[in-house]
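Enquirer: For the sequence shown, this note's numbering assigns the number 257 to the initial residue and increments by one for each residue that follows.
We treat Cβ as the ideally placed atom computed from N, Cα and C, and that holds for glycine.
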Amino acid sequence: MLVRSEYLVQASTKATQPWVYLEMASEGKITAARMAELFVDPETCVEYSPEWVASQREAALRNFDLNMLFFRRLNQLRFNDEVAKLLAAHPELREVTDLRTVAGEPGIYVMVLDGYRQLYVGQSVDVTKRIRAHWSKSKPLDRLIFGDAESSILSIDAFRALDTTRVFAVTGDLLDDPYERNLVEQRMAASVDPDLSLNRVSGGDFQTAAFAVALGEMKTRDLSATDEEWAAYRAELAAAPEPAPRLVVPAKVKRAVVPEPDFDDPVGQLVRVANREKRGGFVLVDAGGMIVDVVAAGGVTTGDRRMQLFAVPTGRSISREKMERAVAKAGELVREVTQPREPVELFELLGSSGVAVRG
257 MLVRSEYLVQ ASTKATQPWV YLEMASEGKI TAARMAELFV DPETCVEYSP
307 EWVASQREAA LRNFDLNMLF FRRLNQLRFN DEVAKLLAAH PELREVTDLR
357 TVAGEPGIYV MVLDGYRQLY VGQSVDVTKR IRAHWSKSKP LDRLIFGDAE
407 SSILSIDAFR ALDTTRVFAV TGDLLDDPYE RNLVEQRMAA SVDPDLSLNR
457 VSGGDFQTAA FAVALGEMKT RDLSATDEEW AAYRAELAAA PEPAPRLVVP
507 AKVKRAVVPE PDFDDPVGQL VRVANREKRG GFVLVDAGGM IVDVVAAGGV
557 TTGDRRMQLF AVPTGRSISR EKMERAVAKA GELVREVTQP REPVELFELL
607 GSSGVAVRG
């Protein structure tokens with residue numbers, strides 16, 4: 257479930273759209289001094305400066321607290337009536353108690369978070385995959401707040417599976433059409449009381465949402481709180497027990513399957529190893545293209561700082577074309593970390609199409 261101490265743990269400190277800042281700098285819309293304040297390296301705009309990160313983390317936590325106080329002011333009966341009204345207006349929505357029943361199906365879904373008196377309306381070409389993505393994704397630090405801390409709605413991606421008490425969905429042939437899905441989702445989302453909805457845009461697919469962000473059409477709410485509310489909230493936080501430490505499970509390495517390096521055909525060797533490993537995991541490769549280890553469990557591992565590593569996922573059928581793309585992408589990323597630095601983390605980015613490396 258969502259807890260304050262875990263809220264920012266996985267928030268990336270890298271810029272999600274560095275090219276925007278680079279274009280602004282080239283057009284004189286942002287000063288060099290401001291760029292130096294924002295980024296570690298203003299020439300690339302990849303990593304935000306420690307000062308900006310500290311300031312943004314403080315603002316994000318304030319926004320989190322304000323949203324929690326806002327949720328407490330909401331009336332449960334009012335929320336129950338809103339959910340009942342939505343279901344009455346859309347009888348095609350059915351409750352989903354097993355996500356496998358809608359796996360691979362395009363449609364509209366409604367996530368109900370009774371404990372927060374909030375709901376979220378979304379759409380996807382695969383309802384199950386999308387809902388699970390909400391539960392596993394974490395917004396980067398520069399996407400947590402839109403506007404300011406006093407008005408930004410908390411993202412649905414902040415909440416997890418145990419926060420979601422009910423799920424409803426409608427699927428069918430008609431919703432195979434993206435245009436129709438957008439229309440149905442927008443109508444459904446627009447019918448919900450804004451105080452009770454976590455939708456930050458009016459609806460639509462990713463491109464529609466991106467336009468809304470670009471045009472500044474994000475929904476906001478008045479999150480102002482009284483001194484009495486703040487005092488009670490802080491007292492509650494102070495009295496809360498310390499959160500349990502994160503359980504870190506080390507990656508298991510099955511070294512026996514690591515073959516001798518094939519210098520003549522390293523990509524072919526990667527394909528053979530990846531397709532042989534049906535248990536899921538990664539093949540770790542050094543910057544020269546030689547296989548180092550096969551990691552069995554988990555999407556995250558740590559490489560030796562003296563050997564910049566990249567990985568290709570296993571446990572699925574991988575073609576030479578996909579592997580070559582993965583190798584090329586990983587090669588580009590490896591070159592970005594060729595200077596000695598802290599150990600790099602490896603994590604899967606886009607399934608078998610490649611991986612990313614972050615410091």
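DSSP on Leu369, reduced to helix/strand/coil?
Expert: Correct three-state label for Leu369: strand.
Enquirer: Relative to the C-alpha of Lys393, which candidate in Asp413, Gln374 and Leu375 has its C-alpha closest?
Expert: With distances taken between Cα atoms, Lys393 lies closest to Asp413.
Enquirer: Leu418 and Met257: beta carbons closer than 8 Å?
Expert: Their beta carbons are under 8 Å apart, which means Leu418 touches Met257 by this criterion.
Enquirer: Where does Ala344 fall in DSSP's three states?
Expert: If DSSP states are grouped into helix, strand and coil, Ala344 belongs with the helices.
Enquirer: Pull the bridge partners of Gln312 from the DSSP assignment, please.
Expert: Gln312 pairs with nothing; no bridge assigned.
Enquirer: Could you check whether Leu322 and Ala481 sit closer than 8 Å to each other, using their CB atoms as the reference points?
Expert: In this structure, Leu322 lies closer than 8 Å to Ala481 by Cβ.
Enquirer: Secondary structure at Tyr376, three-state DSSP: helix, strand or coil?
Expert: The answer is strand: DSSP assigns Tyr376 an E or B state.
Enquirer: For Gln379, I'd like the list of residues in its chain whose CB is within less than 6 Å of its CB, leaving aside the five on either flank, ordered along the chain.
Expert: Ile364, Arg437 and Glu441, listed in sequence order.
Enquirer: Would Val366 and Val383 be called neighbours here (beta carbons separated by less than 8 Å)?
Expert: No; because the gap between Cβ atoms is not below 8 Å, this pair is not in contact.
Enquirer: How many Å lie between Phe327 and Trp275 at the Cα?
Expert: So the two alpha carbons sit approximately 36 Å from each other.
Enquirer: Taking only beta-carbon positions, decide if Glu492 is within less than 8 Å of chain B.
Expert: Annotation note: the requested chain B is absent from the structure, which comprises a single protein chain.
Enquirer: Using the Cα positions of Val381 and Phe424, report the straight-line distance between them to the nearest angstrom.
Expert: Straight-line Cα distance between these residues: approximately 16 Å.
Enquirer: Answer yes or no: do Thr421 and Asp370 have a C-beta to C-beta separation smaller than 8 Å?
Expert: Result yes, Cβ atoms of Thr421 and Asp370 sit closer than 8 Å.
Enquirer: Count the other CB atoms within 10 Å of the CB of Val265; is the residue buried (16 or more) or exposed (fewer)?
Expert: When all chains shown are included, Val265 counts as exposed.
Enquirer: Using the three-state DSSP reduction, which class does Ala389 fall into: helix, strand or coil?
Expert: Correct three-state label for Ala389: helix.
Enquirer: By DSSP's criteria, Val276 is part of a beta bridge. Which residues make up the other side?
Expert: Looking at the DSSP assignment, Val276 forms no beta bridge with any residue, so it has no partner.
Enquirer: Write down the C-beta distance between Ser408 and Asn319 rounded to the nearest angstrom, noting that I regard them as a contact closer than 8 Å.
Expert: About 5 Å separates the two Cβ atoms, so the contact holds.
Enquirer: Throw me the rounded Cβ distance for the Thr272 and Asp398 pair, which I believe falls under 8 Å.
Expert: The Cβ separation is near 6 Å, so the contact holds.
Enquirer: Buried or exposed for Lys395, please, with buried defined as at least 16 other CB atoms from any protein chain shown within 10 angstroms of its CB.
Expert: Lys395 comes out buried.
Enquirer: In three-state terms, what does DSSP make of Ala446?
Expert: Note: Ala446 maps to helix in three-state DSSP.
Enquirer: What whole-angstrom Cβ distance do Met474 and Phe402 have, given they're in contact under 8 Å?
Expert: Between Phe402 and Met474 the Cβ distance is about 4 Å, and since that is below 8 Å, they are a contact.
Enquirer: Apart from the five residues on each side of it in sequence, which residues of its chain come closer than 8 Å, Cβ to Cβ, to Leu294?
Expert: So the list reads Tyr277, Cys301, Tyr304, Ser305 and Trp308, once near-sequence residues are dropped.
Enquirer: Taking the alpha helix (DSSP H) that Ala289 belongs to, which residues open and close that run?
Expert: Ala289 -> alpha helix (DSSP H) spans Ala288 to Leu294.
Enquirer: Have a look at Arg386, Leu349, Phe335 and Val368 and flag the residue whose alpha-carbon is nearest the alpha-carbon of Arg356.
Expert: Comparing Cα positions, the closest option is Arg386.
Enquirer: Given this structure, state the Cα-to-Cα distance separating Leu447 from Ser458, to the nearest angstrom.
Expert: Looking at the sequence provided, one finds Ser at residue 447 rather than Leu. Using only the alpha carbons, I get a separation of about 10 Å.
Enquirer: Report buried or exposed for Val259, applying the criterion of at least 16 other Cβ atoms within 10 angstroms of its Cβ.
Expert: The residue in question, Val259, is exposed, as its Cβ has fewer than 16 Cβ neighbours within 10 Å.
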